[in-house]
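Presented below is the structure to which this report refers.
Numbering (the numbering used here), first residue to last: 120 to 310.
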């Protein structure tokens with residue numbers, strides 16, 4: 120276990136390898152599963168702010184799901200806030216590229232300079248999943264999901280640990296200083 124400020128990080132984040140291989144998984148993390156991607160409390164308001172610039176990327180079915188469920192919806196008995204789903208399946212913010220790979224409409228709009236928000240932080244940090252504990256501490260764990268087996272294989276081949284693959288996302292979530300501390304800890308845990 121690594122502790123930096125108010126964050127507890129699983130050693131797997133520095134010892135396991137991971138690099139997305141979209142040609143192999145086809146972006147399945149955006150359309151597999153029973154719940155939408157977790158959202159921070161403030162993220163539905165951000166989505167509302169960028170909606171008019173993102174909506175043109177989406178299918179009518181996706182827009183209808185957002186209209187019915189809102190920019191974020193609640194799942195499970197704990198009422199976890201997440202992205203709306205189309206017919207209980209794919210994320211409503213999913214789009215398809217020309218090769219049949221699922222991608223994020225927010226990320227596409229961001230890459231094209233139409234919005235200044237890349238995507239929900241839980242999506243950006245994946246395969247790290249963050250749990251917010253009652254005492255204000257965050258628990259960061261490496262989420263193993265069989266659909267990501269190609270990413271694990273690719274990461275091992277390229278020798279890229281999870282935290283290095285997610286450098287930009289981690290810096291976005293916690294800042295440069297946090298990431299620098301994580302690098303030092305990683306060298307101690309996985310030299």
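C-beta atoms are modelled at their ideal positions from N, C-alpha and C, and glycine is treated no differently.
- By the neighbour-count definition (other C-beta atoms within 10 Å, threshold 16), residue 306 is an exposed residue.
- With a minimum length of 3 residues, the unbroken runs of beta strand (DSSP E) contained wholly in the stretch 179 to 251 fall at 192 to 194, 199 to 201, 213 to 215, 221 to 223, 247 to 251.
- Taking the Cβ atoms as the reference, residue 277 lies roughly 5 Å from residue 138, within the contact range of under 8 Å.
- For secondary structure counted as the alpha helix (DSSP H) over 4 or more consecutive residues, the stretch 153 to 177 holds these complete runs in sequence order: 162 to 173.
- DSSP, reduced to helix, strand and coil, places residue 257 within a strand of the structure shown.
- Counting of Cβ neighbours within 10 angstroms places residue 281 among the buried residues, the total reaching 16 or more.
- For the options 131, 126, 143, 129, the alpha carbon positioned closest to that of residue 272 is the one of 143.
- Around the Cβ of residue 252, a 10 Å sphere holds fewer than 16 other Cβ atoms; the residue is exposed.
- Around the beta-carbon of residue 155, 16 or more other beta-carbon atoms lie within 10 Å, marking it buried.
- With three or more CB-CB distances shorter than 8 Å, the stretch 169 to 183 counts as touching the stretch 208 to 215.
- If the five residues before and after residue 214 are omitted, its C-beta is found closer than 7 Å to the C-beta atoms of 176, 177, 222, 224, 227, all from its own chain and listed in chain order.
- Within the stretch 257 to 282, the runs of beta strand (DSSP E) at least 3 residues long that lie entirely inside it are, in chain order, 257 to 261.
- In terms of Cα proximity to residue 171, the closest of 185, 284, 193, 131 is 185.
- DSSP, read as helix, strand or coil, puts residue 133 in helix.
- Residue state for residue 128 is assigned as strand, using DSSP reduced to three classes.
- Non-local beta-carbon contacts of residue 288 in its own chain, meaning distances under 7 Å to residues more than five positions away in sequence, involve 243, 244 in chain order.
- Between residue 124 and residue 297 the beta-carbon gap is near 7 Å, inside 8 Å, which marks them as a contact.
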